[in-house]
Structures are given as structure tokens and as C-alpha cells.
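In our numbering, the protein residues as written are 17 to 428.
Glycine residues also receive a C-beta, built at the ideal position from the N, C-alpha and C atoms.
Small disclaimer: the values here were computed from a predicted structure and weren't measured.
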């Protein structure tokens, strides 16, 4: 019986990689690579957009090198954040005003390892260039993803890393190294202007705590190589504004908030993986809403049992903030089923053998983070944020307009 039979582990060693994985990924058709190189070499305003396939194939170095050689703007999907350091001069933060401007102005777009889902606005105008005017090249290991949401001018089936290597070699034969195109500076300036207001709010001393003050304090506390798991609705939006990502595979988030409650389990898994890979000291933190924490917060017991000292930071507004914000805007503040009972998440953590602390003052965030790390235990910081401010993060209406172009929402 397979479930009850005792066996010696040495008799059944793990299979080697070549027994269950293709070790030589497809490099892309050489003729198509040559056509793509011609298009990029002749482009005046090239832009490279990375999807999650760039992360999975570990192709970030090739992606950046190609962009730097072409003087091309770089953007990523939200799930691919970290492919490019978000302070790289050619990188434009996903969905920022600068990124949207560059994406619409580019004459040739190279999409690598992505399918242009809703958070990439399906590749449609005005977030991108007009159909028939903007040229598109798409590289993906799955043929089913080519042209899935945006028609392309050239599709290449292949591994991102192998294709980018070949493409860089081909481009170098066709054009000398270039300076960035002029409008990239304008896009950078637009992004900085877009961020400046958020940074100002990140210094806000209001009580209850402004969500951006929490995010800024957390980002400033942890080093660039820290791994962050983001969870929740509006909490994830606030975290996106000021929680910059600088290294590959340091950003974990369930795209589209499709699986609330992944924040703590993702963080635990990341910490265990870091230990396995010989980097046990890399900090791992989770930024989560109170509602999303409630899904799998009990996994802090798992973190304690497995000795994985993650730090879970809860933006506690006592509500399902994103849903409540929607009811405020669409249903004239008729709230149904969106308020949560007051919960002492810090005491909950302590009951599980973890470190727990409640934070109500903005100047106590940083000291609380230090105490959490110094405890050597898995930790939960229950940070009370302003519930009214949290309801409607800025710029969501602009992004909603891009998503819902041509649709009309009528209050009921």
C-alpha cells in the first residue's frame, strides 16, 4: 500500500532536473529574432515591458542590458516588479503618470513574458499607443499568450532569457549604443511630480495614522534586498505608491487581489526559501489589511513553529476598506457588511507565541519595527490607520477611467 509501506529514502533519491524539466529552453526562431532586431534598431522611441516571465526565466540582466543599449524606457507589470530597480533612470514605475505617458508615446513596444491583463490595461489606448500606429513585438514561452489581449506585429515563441540574449546580439550588429529618447526625461519628471505628493503624505503626523506614513516608515526601515509580501485591497494600493522594489524576486503579491489572505503564507514561504538558499538573514515583511490578515492570520502559529521570524504589519482600519470605499462612491455611503469588529491583533499574535504590538502614533512605527525585529520571533504590528482616509486612495478614479473606458456606472 503506497500510503502505509515503509521505504528507505536512499533507495528513492530525488530525480535529477533533466528527468522532469527541459534544460535547454526554446531560444526563438532566428528569422523572427532578426526581424525584431530590425524593428528595435529602427525605432525612435522604443519601450521594453516586462511581465512575470522575465522573473521566471531569470532574464532581468538581459532585459536591462537591451534597454540600456537602445536607450529604451522600461516598464513592468505589477507582478514583475523588481525586474528593474525602481530607481533606475530608464525605469518608470508601473501605472505612474510617467509610465502611462511613455507607454502611449513609444513607437515600438517589446513585451517580454507578459499577457497584458487588466493591470496593464489590456494594452489598449489611452494607456498605450493607438492600434495600427504603435508597433508591438511579443516574446512568450507560450504561443497561447501571443496577441492574447493586444494584437502584435511580431510574435516570438521562446524563453525570455534565451530570446533576449539572441536579440541583444542581433541589435548590436544593427545599431550603435544609443542615448535615451528625449521624452523619457519628461516621463521621469512626470513620475517624480506624481510621487511628490505621496512622499509629503508619507511624512504626515496625523492621528489616526495616515496609510502613506505607515508605508513610508516601513520601506525606510527595511533594506533594499528585503522581501515584501503585500496583501489586501486598499492597503495594497497604498503600499504600491511608496513601497519601492529594487531587486528581483523580492515582491510577492497575488495579482488582482484574487486571493486575499496570501500575505502571511507568502512571507513564511519566502523566509523558508531564503533559508534553504543560504540567505537566512534576509528580512521578510508583510504589509496587509486587517480583513486580509483575518483569512490566514492563524498561520503566524506556523511561523512560530517553523522558526521563521517574519514581520506582519497590519494596516488596521476596522473595515473591508476597498469594498467600503466602493459603497461610499457608488451607493451614497449606504454601508452593508463592510465594518469589522475591533480586534486586538497584537494580543492574538502573543497568544500564538509571537511578538505582538499595537501602534497608534506615527512616531512609534519605526521603534515598534525595531522591537519586532529584535525579538527574534515572528511578529505582528497592529497599526491603527485613519479609516476615512483609507477609503479612497488617490488616483484610483483616474485608473478606473482607463479600465472602464466606454462604460457607465450609475449609482443605485
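DSSP, read as helix, strand or coil, puts residue 370 in coil. Taking 9 Å as the cut-off, the beta carbon of residue 93 is found closer than this to the beta carbon of residue 66.
Cβ contact annotation for residue 398 (same chain, cutoff 6 Å, sequence separation greater than five): 330, 332, 361, 362 and 374, in chain order.
A Cβ-Cβ contact shorter than 9 Å links residue 317 with residue 369. Note on the region 25 to 71: whole alpha helix (DSSP H) runs with a minimum of 4 residues are 46 to 58, in chain order. In terms of Cβ geometry, residue 255 and residue 113 do not form a close pair [threshold 9 Å].
In this structure the region 82 to 93 lies against the region 193 to 206, because at least three pairs of beta carbons, one per stretch, are closer than 8 Å. Under the rule that a run must span 4 or more residues, the alpha helix (DSSP H) segments found entirely inside the region 220 to 292 read 227 to 237, 250 to 258 and 279 to 292.
Assignment of alpha helix (DSSP H) within the region 73 to 113, counting only whole runs of 4 or more residues, yields 76 to 86 in chain order. Boundaries for residue 336: no alpha helix (DSSP H) harbours it, and the DSSP string shows neither H nor E there.
Between the alpha carbons of residue 235 and residue 223 lies a distance of about 20 Å. In the structure shown, residue 122 adopts coil according to DSSP, grouped into three states.
Here DSSP, grouped into helix, strand and coil, assigns residue 186 to helix.
Residue 226 is positioned such that its CB atom lies closer than 9 Å to that of residue 402.
Residue 294 has its alpha-carbon roughly 22 Å from the corresponding atom of residue 391. Around the beta carbon of residue 346, fewer than 16 other beta carbons lie within 10 angstroms, which makes this residue exposed. By the neighbour-count criterion, in which a residue is buried when 16 or more other Cβ atoms sit within 10 angstroms of its Cβ, residue 30 is exposed. For residue 207, the enclosing alpha helix (DSSP H) covers residues 199 to 217.
Taken in chain order, the whole alpha helix (DSSP H) runs of length 4 or more contained in the region 374 to 399 are 381 to 390. Burial is judged here by how many other beta carbons sit within 10 angstroms of a residue's own beta carbon; residue 154 has at least 16 and is buried. Rounded to whole angstroms, the separation of the alpha carbons of residue 100 and residue 141 is 24 Å.
Under the three-state reduction of DSSP output, residue 134 falls in the helix class.
Between the alpha carbons of residue 75 and residue 177 lies a distance of about 4 Å. Per DSSP, reduced to three states, the secondary structure at residue 117 is helical.
Beta-bridge analysis with DSSP links residue 151 to 124. Cβ neighbours of residue 358 within its own chain (closer than 8 Å, five residues either side excluded): 334.
Here residue 73 is not near residue 162, since their CB atoms are 9 Å or more apart. By the Cβ neighbour-count rule, residue 212 is exposed, with fewer than 16 other Cβ atoms within 10 Å of its own.
DSSP lists 302 and 396 as the bridge partner or partners of residue 328. Boundaries for residue 164: no beta strand (DSSP E) harbours it, and the DSSP string shows neither H nor E there. A distance below 7 Å between beta-carbons, with the five flanking residues on each side excluded, links residue 48 to the following residues of its chain, in chain order: 170 and 172. In the DSSP assignment, residue 170 falls within the unbroken beta strand (DSSP E) covering 170 to 173. Scanning its chain for C-beta atoms nearer than 8 Å, with the 5 sequence neighbours on each side dropped, one finds around residue 204 the residues 105, 108 and 114, in chain order. The Cβ atoms of residue 290 and residue 281 do not sit closer than 9 Å to each other. Between residue 64 and the set 323, 119 and 339, the nearest pair of CA atoms involves 119.
Taking the CA atoms as reference points, residue 128 sits about 12 Å from residue 44.
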